[in-house]
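Only one structure is covered here, and it is reproduced in the block below.
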Amino acid sequence: MGDLANLKEKVLSYKLESSEMEKLGYNRILLQVFGYAGHGKSSFINSLRYALLGGMFEVKASEASATGCQGGHTRQRKSYLLTDVITLVDNRGFGKADNCEKEEVYTQLGNLQPLDEDVVWSNSFDERMKAITAVKCNSNDLLLPVFIYSAQCGMGSEAQEEIKEFLKNAQQLTGLVRPVQRDLASGTRGIDVRRSPGDRVTERQNGELPM
Numbered sequence: 001m002g003d004l005a006n007l008k009e010k011v012l013s014y015k016l017e018s019s020e021m022e023k024l025g026y027n028r029i030l031l032q033v034f035g036y037a038g039h040g041k042s043s044f045i046n047s048l049r050y051a052l053l054g055g056m057f058e059v060k061a062s063e064a065s066a067t068g069c070q071g072g073h074t075r076q077r078k079s080y081l082l083t084d085v086i087t088l089v090d091n092r093g094f095g096k097a098d099n100c101e102k103e104e105v106y107t108q109l110g111n112l113q114p115l116d117e118d119v120v121w122s123n124s125f126d127e128r129m130k131a132i133t134a135v136k137c138n139s140n141d142l143l144l145p146v147f148i149y150s151a152q153c154g155m156g157s158e159a160q161e162e163i164k165e166f167l168k169n170a171q172q173l174t175g176l177v178r179p180v181q182r183d184l185a186s187g188t189r190g191i192d193v194r195r196s197p198g199d200r201v202t203e204r205q206n207g208e209l210p211m
């Protein structure tokens, strides 16, 4: 418990002024949470907020289902303030993963979709480009992708390939990525991730996605 309390204190007291991040021009950390609809993005966010901020447990982010793996309620890039410098972002979940949706996912990852507004993605290429160029990109945000998936839901080979592609592209784009497996039976597991964009993403737990 002491280690957890120390970790919590480090997170809550973290200031960019005391790190190399400020020298690089960053003034905010965005934890960009992604995942398939119904795999636990919102549950992860609710639990993390409760663990750090305490008080009564509140369902701030809406989950598709408590036990199932269908659907998904996230329609916005909803932001949740954890500290003065750390913000959680609940991005729209993965779905059919066609080319149009992939473009949407990467515009969210690149912070080219506004926070706390409905994500409306047109089928028209010209309209999509207009929407992207209208966004004021904040280059002072440090983008840290976090990918959530549920072992209980399972996924086929096609979905695994989609995740591999996303993690590879996310790491190349940001130099950082933090996938998390959410297992309803045994809790959340971490995955060891190299910080260099060229390094492979490796895993600690058996049964997790092979990279």
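When we follow full-length UniProt numbering, the leftmost residue of the sequence shown carries the number 1, and every step to the right adds one.
Ideal Cβ positions, reconstructed from N, Cα and C, are used throughout, including at glycine.
The structure displayed is predicted, hence computed values, not measured ones.
Residue i: which of the options sits nearest, CA to CA?
| i | options | result |
| --- | --- | --- |
| Lys23 | Glu101, Asp141, Ile86, Glu103 | Asp141 |
| Thr83 | Gly35, Ser43, Ser13 | Ser13 |
| Glu101 | Ala37, Leu48, Gly54 | Ala37 |
| Glu158 | Gln76, Phe94, Asp116 | Phe94 |
| Asp116 | Leu4, Leu176, Gln76 | Gln76 |
| Met155 | His39, Ser47, Asn99 | His39 |
| Pro114 | Ser139, Lys78, Arg49 | Lys78 |
| Val166 | Gly54, Gln152, Gly25, Gly35 | Checking the sequence, you will find Phe at residue 166 rather than Val. Checked all of Gly54, Gln152, Gly25, Gly35; the closest Cα to Phe166 is Gly35. |
Taking all protein chains shown into account, decide if residue i is buried (16 or more other Cβ within 10 angstroms of its Cβ) or exposed.
| i | result |
| --- | --- |
| Lys10 | exposed |
| Leu4 | exposed |
| Ser43 | buried |
The beta strand (DSSP E) spanning residue i covers which residue range?
| i | result |
| --- | --- |
| Tyr80 | 78-81 |
| Ser150 | 141-150 |
| Phe34 | 28-35 |
| Asp90 | 86-90 |
Suppose the cutoff is 7 Å on Cβ atoms and the five residues either side in sequence are ignored; what does the same chain contact list for residue i look like?
| i | result |
| --- | --- |
| Lys168 | none |
| Gln32 | Val89, Asn91, Leu109, Leu143, Leu144, Pro145, Val146 |
| Ser186 | Annotation note: pLDDT 44 at Ser186 (below 50); position unreliable, no value reported. |
| Met21 | Leu142 |
Would you kindly work out how many angstroms separate the C-alpha atoms of residue i and residue j, rounded to a whole number?
| i | j | result |
| --- | --- | --- |
| Ala51 | Thr174 | 27 Å |
| Ser150 | Leu7 | 25 Å |
| Ala170 | Val105 | 10 Å |
| Ile148 | Ser139 | 25 Å |
Within the same chain, show all residues whose beta-carbon is closer than 8 Å to that of residue i, passing over the 5 residues directly before and after it, in chain order.
| i | result |
| --- | --- |
| Val85 | Tyr14, Lys15, Leu16, Asn27, Arg28, Ile29 |
Under DSSP, the alpha helix (DSSP H) around residue i begins and ends at which residues?
| i | result |
| --- | --- |
| Cys100 | 99-109 |
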